[in-house]
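Residue 1 is where the sequence shown starts when you use my numbering, and the numbers rise one by one after that.
Where a beta carbon is used, it is the ideal one built from N, C-alpha and C, also for glycine.
So the structure is just underneath, and the comments pick up after that.
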Amino acid sequence: VQLQASGGGLVQAGGSLRLSCAASGRIFSINVMGWYRQAPGEQREFVATTTNMGDTSYADSVQGRFTISRDTAKNTVYLQMNNLKPEDTAVYYCNAIRTVDLRDYIYWGQGTLVTVSS
């Protein structure tokens, strides 16, 4: 599975961005897709995930501001980010989990930089 993330950039506090992540390759059996982020000098942290059943989960820090969605026809997951804050500045990584024979395979995209200025 290959994941291609895009949509990062520079935005002022209070602004919006939409990230996209397109999956290709062995995309069958992907049951979870999501986003993580890593700020400079920090550990990578969970942002949001969505499952094949449409269930979504968010980190407390982005709840109510970010929305994750998935277009299964395009094999793409999106992260709509509104009311961005300087503390949202990070490299955002797309993630996919593919389950085969009860074993999980985890894939990562290359990351896209989001910079929020105050």
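Just confirm the distance between the C-beta atoms of residue i and residue j, as a whole number of angstroms; I'd bet it's less than 8 Å.
i     : j      : result
Leu3  : Val114 : Between Val114 and Leu3 the Cβ distance is about 17 Å, and since that is not below 8 Å, they are no contact.
Leu84 : Ala13  : 6 Å
Excluding the 5 residues preceding and the 5 following residue i in the sequence, name in chain order all residues of the same chain whose CB lies nearer than 6 Å to its CB.
i      : result
Gln38  : Arg44, Ala90 and Val91
Cys21  : Leu3, Ala5, Val77, Cys94 and Gly109
Tyr105 : Arg98
Does the beta-carbon distance from residue i to residue j come in below 7 Å?
i      : j      : result
Tyr149 : Tyr93  : Outside the displayed range of the chain (1 to 118) lies residue 149, so it cannot be described from this structure.
Arg103 : Ile30  : no
Asp88  : Val116 : yes
Ile68  : Thr50  : yes
Leaving out five residues on either side along the sequence, give the residues of the same chain with a beta carbon under 8 Å from the beta carbon of residue i.
i     : result
Val62 : Val47, Ala48, Met81 and Asp88
Gly25 : Val1 and Gln2
For residue i, count neighbouring C-beta atoms within 10 Å of its own C-beta (all shown protein chains included) and say buried if the count is 16 or more, exposed if not.
i     : result
Leu79 : buried
Gly34 : buried
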